[in-house]
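In this note's numbering, the protein residues as written are 660 to 1423. Glycine included, every Cβ here is placed at the ideal spot set by N, Cα and C. Contents: one structure, followed by commentary.
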């Protein structure tokens, strides 16, 4: 019996085996016991459990305590219910889907379209009720199906919102649909006493634990990339205030290299293994919790850090909730989950002699041995095939060509989390009338709310097709659409990602073929990044720089703003010809040469060398520099007024400086003074928010979330009323929406603006 009892945590569980094992009386068993006991204690299973198909099926269907699974089910349902109002977008559904407006969308399959707005609210309501049912364990299987069907519909409806953790939520929802998650702390358990505290098969835990292991481990493998190891992927993170403690002992460059990139790599590679073993699990809990708490502050990724925190206890003994809640006072146990060890047998499990895991071997009732049935074999086959597929998918991009790294596409199943950072410098959309030949330009992002189409070939194809269908409304017939998009990935040169000479409307695209109009990433120029840092280190605070690389035979058409009064182009490698369009003059530059380009005018930079050219724009924002000088002067005047050293009376246009210092409302007529006072108010707000105590921060957080969730539910109620009884008069609907749009007292006009000097990242 020891082998069966000791293997309760097989495949992804080393902790279901108690250190102490029962002594066997048979002589042969005594000889094998030390080796088998040791392996069972460390890995949770023995070689005997893997020696045949029958024993493997028995292992995967071994009875387990449902307590840990039940707690996870509750937490996952709760987090998804919150997530629906947040990242899934219930609170801004009307803005997201713009019912009836001409909008370009990016579904997985082009035939997928959103329903009318009121029906989309109904879809979200079904998804929310499903998440709530999962949390409560109420009509569990139906709730899982309600959540899963609507979740994947929303997921497939918009590729621009795809990310790894949204994909993970869908997978976990799929897992729970197949599992017996309602056998502990559930309403179904009250309705059906025979399932309350009934065993669940081991594969329920194996599937979830291995899935989380894959998330960590594959994310670590993906970080074994030259850009991540070299510290280029997330270099901006080191400037965040969360890393200030590390900056006390390390320069920011080493914080970036060792803490951000080195620490992230090591944690992802080791977290799954550390959670696996009893000895290392407490350390894993500490580092994993610290990691996810930091991520919740670093990135706008919704419930993901909390969802990952909720998965960590899955690696503990499956009865940990009973042992935890047994420590609570007796008067609280009426509302807490059950601590009873009286577990019931289940047809989902395969029993040998006792129906429980080893931790319950002395308290569980004796059950009759059961045979392996078809359902048990199917469960084992599903578990093995699913896990093999999950290990395979992150490396399946040889099937879906061009979906990773440079142009991502459907990268959501690859666990490439945060390995790439991108910045766009130049985006131009050119259309050509197919009949008249007229050429014009479109505002980047017209007819869409998304920005992610700029990086994905499949989305660019969908966008161009949509534009070709919308432009005839504006007397542009049979339009040809050309995109000139420049992007820098992981601090490289800004370069084209797509061929600007190709009409994307007519261009071929297939998920199973390389994208022919995708320009190659100039990886040979990657070593220049070290030189970039040296060049930037020589510049003063007012001088900006942009590094450009281009292909032979192509040119960059650029416009220099009038604010940039001192702009020059310097060649780093290759040969270029600079054409000043207005002056009709050309200047050919070799490596190391530079020339000035006029402000307020267009110019073109042609690459005329045989290989790619590299050059850099060096410019000073003269308008901003002058404004900073004015701000410094006004600040000096204000300081002198405060300390009483200002002897001259202030002219009328500067009087608002005194009123603002006294806390009075001011109405400055001078635009520079008005900007200065606005900047001061903004800085005070930043300081106030940063210096707020825990209670103020919590109050601000709760207030913001309350009004966000409030709007989602009020708008849902309006939509359900519309579906049930029809639309009310426009005046009534306007009042109802205005009431739903009410914001909290702390929602100042500038609350949604990015705080100065605070680093944010809105996309995985």
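Notebook entry, point to check: With a cut-off of 8 Å, do at least 3 Cβ pairs link the region 812 to 826 to the region 937 to 951?
Noted result: Here the region 812 to 826 does not lie against the region 937 to 951, with fewer than 3 beta-carbon pairs under 8 Å apart.
Next item on the list: Measure the Cβ-Cβ separation of residue 1431 and residue 806 and say whether it is below 8 Å.
Entry: This structure cannot settle anything about residue 1431, because the visible part of the chain is limited to 660 through 1423.
Note to self: Applying the 10 Å Cβ sphere with the 16-neighbour rule, what's the burial state of residue 868?
What the structure shows: Buried, since its Cβ has 16 or more Cβ neighbours within 10 Å.
Notebook entry, point to check: When the cut-off is 8 Å and only beta carbons count, does residue 850 lie next to chain B?
Noted result: Chain labels in this structure do not include chain B; a single protein chain is all it has.
Item checked: Range of the contiguous alpha helix (DSSP H) that encloses residue 935 -> Looking at the DSSP string, the run of the alpha helix (DSSP H) that includes residue 935 is 922 to 935.
Checklist line | Burial state of residue 1249 (16 or more Cβ within 10 Å) | finding: Burial call: exposed.
Margin query: Given this structure, state the Cα-to-Cα distance separating residue 1031 from residue 713, to the nearest angstrom.
Written below: Looking at the two C-alpha atoms, the distance is approximately 8 Å.
Next item on the list: Determine the direct distance from the alpha carbon of residue 1073 to that of residue 918, and round the result to whole angstroms.
Entry: Whole-angstrom Cα-Cα distance: 24 Å.
Next item on the list: Assign residue 980 to one of two classes, buried (16 or more other C-beta atoms within 10 Å of its C-beta) or exposed (fewer than that).
Entry: Per the 10 Å Cβ criterion, buried.
Item checked: Residue(s) in a DSSP beta bridge with residue 1439 -> Any property of residue 1439 remains undetermined from this structure, which presents the chain solely from 660 to 1423.
Item checked: Which residues DSSP lists as bridging residue 1273, in chain order -> Looking at the DSSP output, residue 1273 bridges to 1208 and 1232.
Check: Among 1135, 968 and 1146, which has the Cα closest to the Cα of residue 1178?
Finding: Of 1135, 968 and 1146, the residue nearest in Cα terms is 1146.
Next item on the list: Indicate, with yes or no, if the ligand GTP has a heavy atom lying under 7 Å from the CB of residue 1128.
Entry: Of ligands this structure carries none, so the ligand GTP is not represented either.
Next item on the list: Determine the closest residue to residue 1279 out of 1244, 1221 and 1234, with distance taken between C-alpha atoms.
Entry: The shortest Cα separation from residue 1279 among 1244, 1221 and 1234 belongs to 1221.
Notebook entry, point to check: So, using beta-carbon positions, are residue 1117 and residue 1187 closer together than 8 Å?
Noted result: No; because the gap between Cβ atoms is not below 8 Å, this pair is not in contact.
Checklist line | Top-ranked residue by Cα proximity to residue 1080, from 1149, 1112, 1050 and 780 | finding: The shortest C-alpha to C-alpha distance from residue 1080 to any of 1149, 1112, 1050 and 780 is the one to 1149.
Checklist line | Inter-residue CB distance, residue 736 and residue 698 (contact presumed, cutoff 8 Å) | finding: Not a contact, Cβ separation roughly 36 Å.
Check: Expressed to the nearest angstrom, what Euclidean distance is found between the alpha-carbon atoms of residue 1017 and residue 987?
Finding: With a pLDDT of only 43 at residue 1017, under the threshold of 50, the placement of this residue in the model should not be trusted, and no figure is reported.
Note to self: Could you give the first and the last residue of the continuous beta strand (DSSP E) run that contains residue 1161?
What the structure shows: It is not in any beta strand (DSSP E) - residue 1161 carries neither H nor E in the DSSP assignment.
Note to self: In this structure, how does DSSP classify residue 1262 when only helix, strand and coil are distinguished?
What the structure shows: For residue 1262, the three-state secondary structure derived from DSSP is strand.
Check: Can you tell me whether DSSP reads residue 1077 as helix, strand or coil?
Finding: Coil at residue 1077, not helix or strand.
Next item on the list: Could you have a look at residue 756 and say whether DSSP puts it in helix, strand or coil?
Entry: DSSP places residue 756 in helix when its eight states are reduced to three.
Check: Should residue 765 be labelled buried (16 or more other beta-carbon atoms within 10 Å of its own) or exposed?
Finding: Around the CB of residue 765, 16 or more other CB atoms lie within 10 Å, so the residue is classed as buried.
Check: For residue 1174, does the count of other Cβ atoms within 10 angstroms reach 16, so buried, or fall short, so exposed?
Finding: Flag for residue 1174 reads buried.
Check: Among residues of its own chain, excluding the 5 on either side of residue 1375, which ones have a beta-carbon nearer than 6 Å to its beta-carbon?
Finding: In its chain, beyond the 5 residues on either side, 780 and 784 have a beta carbon closer than 6 Å to the beta carbon of residue 1375.
Next item on the list: Look at the alpha carbon of residue 1023 and the alpha carbon of residue 722, and state the distance between them as a whole number of angstroms.
Entry: Because the pLDDT of residue 1023 is 47, which lies under 50, any placement of that residue in the model is unreliable, and the number read from its coordinates should be weighed accordingly. Distance between the alpha carbons of residue 1023 and residue 722 is about 11 Å.
Next item on the list: Return the chain-ordered list of same chain residues with a C-beta closer than 6 Å to the C-beta of residue 1153, the five sequence neighbours on each side being excluded.
Entry: When the five nearest sequence neighbours on each side are left out, the beta carbons in the same chain lying within less than 6 Å of the beta carbon of residue 1153 are those of 1084, 1145, 1147 and 1207, in order along the chain.
Notebook entry, point to check: Which residue or residues does DSSP assign as beta-bridge partners of residue 1219?
Noted result: Looking at the DSSP output, residue 1219 bridges to 1260.
Check: Nearest to residue 774 by CA position, among 741, 755, 1253 and 1054, is which residue?
Finding: When the alpha-carbon of residue 774 is set against those of 741, 755, 1253 and 1054, the nearest one is in 755.
Check: By the 10 Å Cβ neighbour count, where 16 or more other Cβ atoms means buried, how is residue 686 classified, buried or exposed?
Finding: Residue placement at residue 686 is poorly supported in this model, since its pLDDT is 41, which falls under 50; the coordinates are not used for a value here.
Notebook entry, point to check: So is residue 1326 buried or exposed if we call it buried at 16+ other beta carbons inside 10 Å?
Noted result: Taking every protein chain shown into account, the CB of residue 1326 has fewer than 16 other CB atoms within 10 angstroms, so this residue is exposed.
Checklist line | residue 776 and residue 758 closer than 8 Å at C-beta | finding: Inclusion of residue 776 and residue 758 in the CB contact set at 8 Å is warranted, their separation being smaller than that value.
Check: Looking at C-beta atoms only, is the number of pairs between the region 1092 to 1104 and the region 907 to 914 that lie closer than 8 Å three or more?
Finding: Because the criterion of three Cβ pairs below 8 Å is not met, the region 1092 to 1104 and the region 907 to 914 do not touch.
Check: Under the three-state reduction of DSSP, which class applies to residue 1408: helix, strand or coil?
Finding: Only weak support is given to the placement of residue 1408: the predicted model assigns it a pLDDT of 42, under 50, and the question is left unresolved by the model.
Notebook entry, point to check: In three-state terms, what does DSSP make of residue 657?
Noted result: Nothing about residue 657 can be reported from this structure: the residues present for the chain run from 660 to 1423 only.
Notebook entry, point to check: From residue 1170 to residue 1059, what distance separates their C-alpha atoms?
Noted result: Those two C-alpha atoms are separated by around 5 Å.
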